[in-house]
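Going by the numbering used here, the sequence shown opens with residue 1267, and the numbers climb by one from there. For glycine and all other residues, C-beta sits at the position ideal for the given N, C-alpha and C.
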Amino acid sequence: MILFNSCVCKRLLSFEWEKMITLTQEDITFMNTTR
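Laid out in structure tokens, this is it:
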């Protein structure tokens, strides 16, 4: 059970990181186009 929970936590964390990274990439492109 603990192992399963840690796996889920890692999956959630990586998902959040991917969202953050994609957001920053979109922000950068947006800033570049506005400039």
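- When rounded, the separation of the alpha-carbon atoms in F1296 and T1290 is 10 Å.
- Distance from the CA atom of R1277 to the CA atom of T1299, rounded to whole angstroms, is 33 Å.
- Short of 7 Å from the beta carbon of L1279, and not among the five residues preceding or following it, lies no beta carbon of its own chain.
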